[in-house]
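Asks: Encoded as structure tokens, here's the structure I'll be asking about.
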Amino acid sequence: MAKTSFKVWLDTARPKTLPLALAIILTGAALAQWRGSFSWSVTLLCLLTATLLQIVSNFANDYGDYQKGSDTAERIGPLRGIQQGRMTAEQLRKGLIIAIAASLLSGVSLIAVAYESLRDLVVFGALGLLAVLAAITYTVGKKPYGYLGLGDISVFLFFGLLSVCGTYYLQTHELRGDIFLPAAACGLLSTAVLNINNLRDIEQDKKAGKNTLIVRIGPEKGRIYHCLLLLGAVLCYAFFALKHKPVLLWVIVIIALLLAKHGRFVVTHKEPAALRPMLAKMSMLALISTALFSLGLLILP
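Residue numbers (the working numbering): 20 to 320.
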């Protein structure tokens, strides 16, 4: 096979999902700035590491689904490069290895810049390895947890609680309980992105034996679940605002209206094909919501 083009690799990296990395790091950095401990170097390295981990997850997802025959020509979402024959499984495997190495290098650089104690080295080193392992084993291996309906929990933890709290801690070197509210909001919005993907691909996943949460509970309950994820994110932001900055509630209202419009579309459009453009839109909504919250936190009196 001829050398795979840059565009194929870019498509495989799924750039429409990458705003998630910016969303979660933006929240953690804004919270650190709010506490008076912002660091550009730590924030940029957090962003680079999170983006690379997202790419690792996307590469591994394509590789694992291809091995198990989950991604076929019947797929409603965009066909992957490996499905189209524009790259081989071996090329994707090598690309995955390179992405893993890059994420580990970025993570090590981040810890080297930000750590203040041996405990920081041990804890964040372990969390980094765990994040890489979680990104890979979502669909790769004999018993990938993505095929058991556990992907939502992983996304909530790694693209919510751990990413936001980790970004915050590496700049402030403290961890307060109230930080978990905006971190949980990010996790819920990130899970909503995954949920759109799973709602769209429910029929194909059923045929392939990929028992995502949506396959287990069905599309109708899946749409209700989606709205609950969005509502949960709004409530987390609202509780944080009530405790620390009530004027921020006006921003939360805007976020709620944006998410409500999206939720209404998901509930009223039953055909999986109608959700195809919603993946990118939900990813951007997560970014817009976190940006509005972060800006409000920093500039409102």
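For every residue, glycine included, the Cβ atom is placed at its ideal position computed from N, Cα and C.
Just so you know, these numbers come straight off a predicted model, no measurement behind them.
1. According to DSSP, is R242 helix, strand or coil?
2. Taking 8 Å as the limit between beta carbons, can you name the residues of its chain near E135, skipping five residues before and five after?
3. Contact defined as beta carbons within less than 8 Å: I believe V159 pairs with L213. What is the distance between those atoms, to the nearest angstrom?
4. Put A32 into one of helix, strand or coil per three-state DSSP.
5. Looking at the unbroken alpha helix (DSSP H) that takes in V183, where does it start and where does it end?
6. Could you say which of A153, A131, F143, V272 lies nearest to C255 if we only look at CA atoms?
7. I'd like to know if the segment 119–126 and the segment 60–76 are in contact, where contact means that at least 3 CB-CB pairs between them fall below 8 Å.
8. Count the C-beta pairs between the segment 178–195 and the segment 48–61 that are closer than 8 Å, then say yes if the count reaches three, no if not.
9. When we look at the beta-carbon of D197 and count the other beta-carbons within 10 Å, is it buried (16 or more) or exposed?
10. State the DSSP-derived secondary structure class of I229, mapped to helix, strand or coil.
11. Are the CB atoms of D81 and L111 nearer to each other than 9 Å?
12. Is DSSP giving M20 helix, strand or coil here?
13. Could you give the C-beta distance for E222 and P291, rounded to a whole number, given that I count them as a contact under 8 Å?
14. Looking at the structure shown, is Y166 part of a helix, part of a strand, or coil, going by DSSP?
15. Is the beta carbon of L218 sitting closer than 9 Å to the one on V132?
16. Check each candidate in V253, S182, D171, I172 and name the one with the smallest Cα separation from A204.
17. Would you mind reading off the limits of the alpha helix (DSSP H) that contains H281?
18. Since S56 is in the alpha helix (DSSP H), which residue starts that stretch and which ends it?
19. With a 10 Å radius around its C-beta and 16 neighbouring C-beta atoms as the bar for buried, classify H263 as buried or exposed.
20. According to DSSP, is E135 helix, strand or coil?
21. Can the beta-carbon of A305 be found less than 9 Å from the beta-carbon of A42?
22. Rounding to the nearest angstrom, what Cα-Cα distance links L29 and V266 in this structure?
23. Taking only three categories from DSSP, how would you classify E109?
24. Count the other CB atoms, across all protein chains shown, that sit within 10 Å of the CB of P201; report buried if there are 16 or more and exposed otherwise.
25. Relative to the C-alpha of L261, which candidate in A118, L316, L194 has its C-alpha closest?
26. Can you give me the C-alpha to C-alpha distance between G144 and S128, rounded to a whole angstrom?
27. Expressed to the nearest angstrom, what Euclidean distance is found between the alpha-carbon atoms of G47 and G179?
28. Pop quiz: Q38 and S302 are said to be a contact at Cβ under 8 Å. What is the actual Cβ separation, rounded to whole angstroms?
29. Per DSSP, what kind of secondary structure is I307 in: helix, strand or coil?
Replies: From the atom records:
1. helix
2. H192
3. Actually they do not touch by this definition, with Cβ atoms about 17 Å apart.
4. coil
5. 181–191
6. V272
7. yes
8. yes
9. exposed
10. It is worth fixing the name first, because residue 229 is Lys in this sequence and not Ile. Coil.
11. yes
12. For M20, the predicted structure reports a pLDDT of 40, less than 50, and the residue's modelled location is therefore unreliable. A value from the coordinates is still provided. M20 falls in the coil class under three-state DSSP.
13. 6 Å
14. helix
15. no
16. V253
17. 268–287
18. Counting along the chain, S56 falls outside any alpha helix (DSSP H), and DSSP gives it neither H nor E.
19. exposed
20. coil
21. yes
22. 41 Å
23. helix
24. buried
25. L316
26. 11 Å
27. 10 Å
28. The sequence given here places Pro at residue 38; Gln does not occur at that position. Yes, they are in contact, since the Cβ atoms of P38 and S302 sit about 5 Å apart, within 8 Å.
29. helix
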